[in-house]
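Notes follow the structure.
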Amino acid sequence: MSTVETGSKSQDAYDWIRERITRHEYGPGYRLVLASIAAELDMSVVPVREAIRRLEAEHLVTFEKNVGARVSVVDEDQYVYTMQTLSLVEGYATRLAAPHLTDEDLAAASEINERMHRLLDHFDAHVYTQLNQQFHAVLFAACPNPHVLDLVDRGWSRLAGLRDTSFALIPSRPRHSVEEHDRIVELIRTGADPDELELFTRNHRLRTLDAFLRARHDH
């Protein structure tokens, strides 16, 4: 097998496993059996092992001695550190993206947020989380700095195993969150001061973190 073929199959395995982790088909603690995955993808174990190493570097997978690879279980400290970091990079990414957003982009973000509004009465944490990520992605995707975008993507990936749990634990937060979404869109639409937009977007994420910590420790 050539290096090119191995690399291509490794990417396929990486995408396949990562998608299942993101969709929560492989939840926290799920054991990743390399031979089984290789058989399902009709490839050797080598590219699967390379894919697992990449996922481990992204903190999505943890390798345990005498156990093997498992989907990472995000502890509270890891959640706090990730949310704090994501608040900074996502706030800055939104600031840089704002001048490049079109009316169509803002309309798309508002439409997603309207779906989130409607979901509040029949709450589904998993669907809400997916829509939440889509909303923010519309607003930061136009960021012209690819390194900042990469940091944002890594932050979202690290939260993949815990985001549904966090919103399920703080039932009052989603309603406040969608109201803040409306405010973010309005700040961009009206050409608000970049500092104000960045700070509001940053605090939007930190409010979720604060609510999560209060609920968790009260619980």
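Read in order, the letters of the sequence shown correspond to residues 478 to 696 in the numbering used here.
Glycine included, each C-beta is placed from N, C-alpha and C at the ideal position.
- Taking the C-beta atoms as reference points, residue 604 is found no nearer than 8 Å to residue 616.
- Apart from the 5 residues on each side of it in sequence, residue 659 has no Cβ closer than 6 Å to any other Cβ in its chain.
- Take residue 508, set aside five residues on each side of it, and the residues of its chain with a beta-carbon closer than 6 Å to its own are 547, in chain order.
- In the displayed model, residue 541 falls within a strand according to three-state DSSP.
- For residue 656, the closest C-alpha among the options 612, 624, 623 and 671 is that of 612.
- Rounded to the nearest whole angstrom, the CA to CA distance from residue 534 to residue 528 is 10 Å.
- If you look at residue 662, you'll find it in the alpha helix (DSSP H) that goes 650-666.
- For residue 609, the number of other beta carbons within 10 angstroms of its own is at least 16, and it is reported as buried.
- The beta carbon of residue 674 lies closer than 7 Å to those of 571, 572, 575, 664 and 665 in the same chain, with the five residues before and after it left out.
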